[in-house]
Amino acid sequence: MRQREAVHRYADPAGWWNAVYSDVPLTTQWDDGAHAGDARGTMPTSSNSMPTMVFSMLAALDVRDGNRVLEIGTGTGWNAALLSHRLGSGNVVTIEVDQDSAADAQRRLARAGYFPTPVVGDGTKGHPDGLPFDRVIATCSVGQVPHGWVAQTQPGGLIVAPWGPEYGGEAVVRLTVGDDGTASGRFVGSSAFMRLRQQRTPRPNSLEYLSGPWPAGGSKSSTQLSPDAVGGWLEMFAIGVQVPGAFPLTERYDDGTYTLWLHDTAVTSWATADWEPDRTAYDVVQSGPRNLWDEAEAAWQWWADQSRPGFDRFGLTVTPDSHTVWLDSPDNPVPVRS
1 MRQREAVHRY ADPAGWWNAV YSDVPLTTQW DDGAHAGDAR GTMPTSSNSM
51 PTMVFSMLAA LDVRDGNRVL EIGTGTGWNA ALLSHRLGSG NVVTIEVDQD
101 SAADAQRRLA RAGYFPTPVV GDGTKGHPDG LPFDRVIATC SVGQVPHGWV
151 AQTQPGGLIV APWGPEYGGE AVVRLTVGDD GTASGRFVGS SAFMRLRQQR
201 TPRPNSLEYL SGPWPAGGSK SSTQLSPDAV GGWLEMFAIG VQVPGAFPLT
251 ERYDDGTYTL WLHDTAVTSW ATADWEPDRT AYDVVQSGPR NLWDEAEAAW
301 QWWADQSRPG FDRFGLTVTP DSHTVWLDSP DNPVPVRS
């Protein structure tokens with residue numbers, strides 16, 4: 001979604017109310033708070049989530065009277081207020097890594113009459129002092145569910161969190177915690193959240209991968225799979241769970257064509273696929289120990305062969321040592337290709 005300019009509550013009250021009561025996410029912080037002013041920063045790092053997403057995640061959380069809930073990512077405090085209203089402030093613990101955001105949220109919550117237990121710190125650690133919890137909800141995305149969240153949840157309790165692979169694509173997963181220290185469950189719908197700060201990874205640009213003039217030692221080939229076909233959010237998810245440690249970048253040109261770059265996070269391998277209109281074959285170049293386009297193409301073909309399943313057919317199982325994405329049932333793990 002395109003980011004708009006800042007809206008000031010008192011300078012533009014009508015615009016502010018319109019924004020607040022719209023079903024859209026509202027960016028409330030840029031660049032971990034380093035950016036100031038009304039213009040857009042480089043990277044949005046905190047937001048008030050789209051209301052329909054908030055409500056759908058709370059529905060998946062399925063809280064019951066007396067439940068104790070751990071929230072990861074206080075943000076503006078709105079979600080913590082909703083939980084406090086439903087369960088009572090004494091049953092809600094909310095963690096925020098950013099001190100300024102945490103302080104602002106506490107003031108807002110207090111003005112509204114809610115006093116959940118605030119914690120400023122690393123959300124990956126959960127809150128051992130407050131365990132056990134009946135529910136855990138994350139308002140930021142993760143690529144690995146911290147096992148502390150599982151360990152701090154009662155057997156039979158639920159964890160609801162946006163989960164996505166390094167490659168891209170993301171959905172909300174609803175995990176049920178077992179009495180053996182594992183958690184498992186299905187994805188319940190597409191999502192697009194900011195990454196948990198402790199799980200962000202650097203994204204080197206393409207020049208860092210090249211060792212000389214084009215094609216920079218890469219091997220040329222062609223493919224009938226259009227780069228457009230692999231660019232959807234669901235397709236990226238299906239590719240990403242099979243092709244770990246890789247991510248795409250798109251280089252667009254003035255004539256409307258573009259190059260899809262695939263990079264590995266180890267900065268050892270790269271691939272390009274060039275899109276042009278009215279083509280049935282697309283130029284590919286690959287370099288390094290991993291043939292990243294071949295991996296991505298095989299992953300896309302597997303997804304197509306399974307009748308192009310949606311997010312609701314995928315699930316996730318978390319153990320102390322592993323994360324396994326599966327299709328339809330836990331005994332049918334999705335293949336990993338690297």
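Here the sequence shown is numbered in my numbering, starting from 1 and rising by one per residue.
A virtual CB, placed ideally from N, CA and C, is assigned to each residue, including glycine.
All of these numbers come straight from a predicted model, not from anything done at the bench.
I'd like to confirm the pairing. Which residues does DSSP put opposite residue i in its beta bridges?
i: T319; result: BP columns for T319 are empty, so no partner.
i: R186; result: G315
i: K125; result: The partner list for K125 (beta bridge, DSSP) is empty, contrary to what the question assumes.
i: Y258; result: R252, W275
i: H85; result: None, per the DSSP bridge assignment.
i: S221; result: V284
i: D264; result: A246
i: R195; result: S141
i: L70; result: V93, V136
i: T324; result: T317
i: A171; result: W163, S190
i: W270; result: H263, S287
i: P118; result: T94
i: T176; result: L158, S184
i: P333; result: W326
How should residue i be labelled, buried or exposed, when 16 other C-beta atoms within 10 angstroms of its C-beta is the threshold for buried?
i: F133; result: buried
i: L61; result: buried
i: G208; result: Before going on, a small fix: residue 208 reads as Glu here, not Gly. By the 10 Å Cβ count, E208 comes out exposed.
i: G181; result: exposed
i: V267; result: exposed
i: F193; result: buried
i: Y167; result: buried
i: M1; result: Legend: pLDDT at M1 = 43, less than 50; position of this residue unreliable, value from coordinates given subsequently. The residue in question, M1, is exposed, as its Cβ has fewer than 16 Cβ neighbours within 10 Å.
i: Q286; result: buried
i: T201; result: exposed
i: D264; result: buried
i: F314; result: buried
i: S329; result: exposed
i: F55; result: exposed
i: H127; result: buried
i: R9; result: exposed
i: E297; result: buried
i: T139; result: buried
i: Q152; result: buried
i: P165; result: buried
i: N18; result: exposed
i: V357; result: In the structure displayed, the chain extends from 1 to 338; residue 357 sits before or after that span and is not available.
i: G169; result: buried
i: R68; result: buried
i: E235; result: buried
i: Y282; result: buried
i: R344; result: Here the chain comprises residues numbered 1 to 338, so residue 344 is not present and cannot be evaluated.
i: G232; result: exposed
i: A14; result: exposed
i: N332; result: exposed
Write down the C-beta distance between residue i and residue j rounded to the nearest angstrom, noting that I regard them as a contact closer than 8 Å.
i: S346; j: G245; result: Since the first residue of the chain shown is 1 and the last is 338, residue 346 is not available in this structure.
i: S99; j: P118; result: Checking the sequence, you will find Gln at residue 99 rather than Ser. Actually they do not touch by this definition, with Cβ atoms about 11 Å apart.
i: P248; j: S269; result: So it is not a contact: roughly 13 Å between Cβ atoms.
i: W275; j: S226; result: 7 Å
i: L109; j: L82; result: Contact doesn't hold; Cβ gap of about 11 Å is too wide.
i: A161; j: V145; result: 6 Å
i: M50; j: V24; result: 6 Å
Where do the N-terminal and C-terminal ends of the beta strand (DSSP E) with residue i fall, by residue?
i: R337; result: That residue, R337, is in no beta strand (DSSP E); it is neither H nor E in DSSP.
i: D283; result: 282–287
i: W163; result: 153–163
i: V7; result: Here V7 belongs to no beta strand (DSSP E), and DSSP marks it neither H nor E.
Can you tell me where the alpha helix (DSSP H) holding residue i begins and where it ends?
i: R108; result: 99–112
i: P13; result: 13–20
i: L131; result: That residue, L131, is in no alpha helix (DSSP H); it is neither H nor E in DSSP.
i: V54; result: 51–61
i: L292; result: 292–305
Verify the contact flag: residue i, CB atom, against every heavy atom of the ligand ADP, threshold strictly below 6 Å.
i: V172; result: With respect to small molecules bound, the structure shown includes none, and the ligand ADP cannot be examined in it.
Query raised in the report: Are the segment 234–244 and the segment 210–224 touching by the rule of at least three beta carbon pairs closer than 8 Å?
Result: no
**Report entry** Three CB pairs or more closer than 8 Å across the segment 53–73 and the segment 86–101
**Finding:** yes
Query raised in the report: Pairing CB atoms from the segment 156–164 with CB atoms from the segment 76–91, are three or more of them under 8 Å?
Result: Contact fails: fewer than three Cβ-Cβ distances are below 8 Å.
**Report entry** the segment 177–190 in contact with the segment 209–216 per 3-pair CB rule at 8 Å
**Finding:** no
Query - At least three beta-carbon pairs within less than 8 Å, the segment 195–206 to the segment 318–337 - result: no
Requested in this report: Evaluate the contact criterion for the segment 108–116 versus the segment 135–150: three or more CB pairs, one atom per stretch, below 8 Å.
Outcome: no
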